[in-house]
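What follows is a short report on a single structure.
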Amino acid sequence: MSMKLEGNILVTGTNRGIGLELVKQLAERTGGEAHIYACCRAPDGTRAEALRDLTTQYPGKITIIKLDMSEEDSISAAVRAVKEQIGDGSLNLVINNAAINKPQTPAPLSATGKEDMMEVYETNVVGPFLLAKMFLPLLQRAAEMKSTGEGDKMSCRRSAIINISTLISSIEKCPETFAIAQMYPYRTSKAALNMLTRCQAEDFKSHNILVTAIHPGWVRTQMGGEQAPLTPLESVQGILSTMSSLSNKDCGMLLDWQGNTIPW
Ligand code: NDP
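Set out below in structure tokens:
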């Protein structure tokens, strides 16, 4: 049986899609001590209405943080805001969920240029890199605070970074997946996110911080499109139960929402 997630949890890209559902299920499924930092680039806009409704449904449990993952200043400001609220507490879990896919699907080579490559890389790779780097002290503190009795055991309850990746980042699986979705910028950015995951796993393992990449499945969101077989509800149920059971052996791996390993 997997244990519930708990502690201070931060999720990016939470005004819609998988991110919004992550905040919803985390609010439902975590205990009273848990707090969720729901990041979103335009918290006051009409596109964040559903997220604002969630915060009133779970009073005191969710804090909305303004964060644009493509802007370094916005990332430092968000980190400062979270640090202020956490005080001498710690951050147990960072879920890098926000991402873009440009140009719009089917995104063939002919329609893809330098700007798409750069923009997608900035949001999907550089953003998660900077965010994890800036939150490292708070994640380290979380791992240290939970060291009693847990030895060197890693978990999402203790201290972890989850990078939301995709099946189509897999280099080995490219011959099977390329025809369905070319998406040069998106695929290459997520393959880079996988390498970032592996590097962070190596770098942070001495601190007992778990770092794992998770593929959410093909999900009916703005990005996934209407033919996608999974609802956000189903995907996030899988993601959260997979996350609850992660341990040392999963650090530096790419898993799907059901916990199966995907080859790099
Ligand atoms: P959506 O397109 O539905 O949502 C993307 C979210 O990311 C939105 O909240 C969006 O906010 C946010 N976002 C985009 N750019 C930025 C930015 N610069 N700063 C802050 N937030 C930003 O996507 P999904 O929910 O489907 O995808 C979530 C994750 O799952 C992504 O990492 C995606 O790559 C991955 N994934 C999804 C699959 C699917 O089938 N849906 C399959 C495999 C992986 P805004 O409203 O402001 O644009």
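Heads up, the sequence shown is in the numbering used here, so the first residue is 7 and it goes up one at a time. Yeah, the Cβ is synthetic: ideal placement off N, Cα and C, and Gly gets one too.
(1) With three or more beta-carbon pairs closer than 8 angstroms as the criterion, would you say the region 90-103 touches the region 58-67?
(2) Starting from C205, follow the alpha helix (DSSP H) in both directions and report where the run begins and ends.
(3) For A117, which residues in the same chain have their Cβ closer than 8 angstroms to its Cβ, ignoring the five residues on either side in sequence?
(4) Step through the CB atoms of chain C and report whether any lies within less than 8 angstroms of the CB of A48.
(5) Kindly indicate which three-state DSSP category I24 falls into: helix, strand or coil?
(6) When you measure from the CB of N214 to every non-hydrogen atom of the ligand NDP, does any distance come out below 7 angstroms?
(7) Could you pull out every unbroken alpha helix (DSSP H) segment of at least 4 residues lying fully inside the region 45-83, listed in chain order?
(8) Looking at the unbroken beta strand (DSSP E) that takes in A219, where does it start and where does it end?
(9) Is the region 208-224 in contact with the region 148-167, if contact means three or more CB pairs nearer than 8 angstroms?
(10) Nearest by alpha-carbon distance to I70: which of R86, C45, D79 is it?
(11) According to DSSP, simplified to helix, strand and coil, what is T18?
(12) Does the distance from the C-beta atom of G133 to that of I81 stay below 8 angstroms?
(13) Return the first residue and the last residue of the beta strand (DSSP E) that L99 is part of.
(14) Could you check the C-alpha separation between S48 and G258 for me, to the nearest Å?
(15) For the alpha helix (DSSP H) containing L252, list its first residue and its last residue.
(16) For G23, count the other beta carbons within 10 Å of its own beta carbon; 16 or more makes it buried, fewer makes it exposed. Which is it?
(17) Drop a sphere of 10 angstroms on the beta-carbon of G19, count the other beta-carbons inside from all chains shown, and report buried for 16 or more, exposed for fewer.
(18) Just to confirm the assignment, what range does the beta strand (DSSP E) spanning L260 have?
(19) How about A219 and T203: do their beta carbons lie closer than 8 angstroms?
(20) Is the beta carbon of S176 sitting closer than 8 angstroms to the one on P269?
(21) At a threshold of 7 angstroms, does P193 count as lining the ligand NDP (C-beta to nearest heavy atom)?
(22) In whole angstroms, what separates the C-alpha of V29 from that of L115?
(23) Using the beta-carbon count (16 or more within 10 Å), is Q264 buried or exposed?
(24) Could you pull out every residue in the same chain whose Cβ sits closer than 8 angstroms to the Cβ of E232, ignoring the five residues on either side in sequence?
(25) Using beta-carbon positions only, say whether L99 and I15 come within less than 8 angstroms of one another.
(26) Pick helix, strand or coil for A166, following the three-state DSSP scheme.
Reading off the structure:
(1) As far as the Cβ criterion goes, the region 90-103 does not touch the region 58-67, which means the pair count is below three.
(2) Secondary structure note for C205: its alpha helix (DSSP H) is the uninterrupted segment 190-210.
(3) Spatial neighbours of A117 in its own chain (CB-CB distance under 8 angstroms, excluding positions within 5 residues in sequence) are listed in chain order as P109.
(4) No chain C appears in the structure shown, which is made up of a single protein chain.
(5) The answer is helix: DSSP assigns I24 an H, G or I state.
(6) Flag unset: Cβ of N214 not near the ligand NDP.
(7) If you keep only unbroken alpha helix (DSSP H) runs of at least 4 residues inside the region 45-83, you get 55-63.
(8) Unbroken beta strand (DSSP E) run through A219: 216-221.
(9) Yes: at least three Cβ pairs fall under 8 angstroms.
(10) C45 is the residue among R86, C45, D79 whose C-alpha sits nearest the C-alpha of I70.
(11) The three-state reading of DSSP puts T18 in coil, since its state is none of H, G, I, E or B.
(12) Against a cut-off of 8 angstroms, the Cβ pair of I81 and G133 comes out as a contact.
(13) Residue range 99-102 is occupied by the beta strand (DSSP E) that includes L99.
(14) According to the sequence as given, residue 48 is Ala; it is not Ser. Each residue's alpha carbon lies about 32 angstroms from the other.
(15) Annotation for L252: no alpha helix (DSSP H) segment contains it, and DSSP assigns it neither H nor E.
(16) With at least 16 other beta carbons inside 10 angstroms of its own, G23 counts as buried.
(17) Flag for G19 reads buried.
(18) Boundaries of the beta strand (DSSP E) around L260: 260-262.
(19) Against a cut-off of 8 angstroms, the Cβ pair of T203 and A219 comes out as a contact.
(20) Closer than 8 angstroms, so yes.
(21) This sequence places Arg at residue 193; Pro is not what is there. Incorrect: R193 has no Cβ contact closer than 7 angstroms to the ligand NDP.
(22) C-alpha separation (whole angstroms): 35 angstroms.
(23) Taking all protein chains in view, the Cβ of Q264 is surrounded by fewer than 16 other Cβ atoms within 10 Å, so the residue is classified as exposed.
(24) Exclusion of the five residues before and after E232 leaves R226 as the residues of its chain whose Cβ lies within less than 8 angstroms of its Cβ.
(25) Yes, these two residues count as a Cβ contact at 8 angstroms.
(26) Three-state DSSP puts A166 in a strand.
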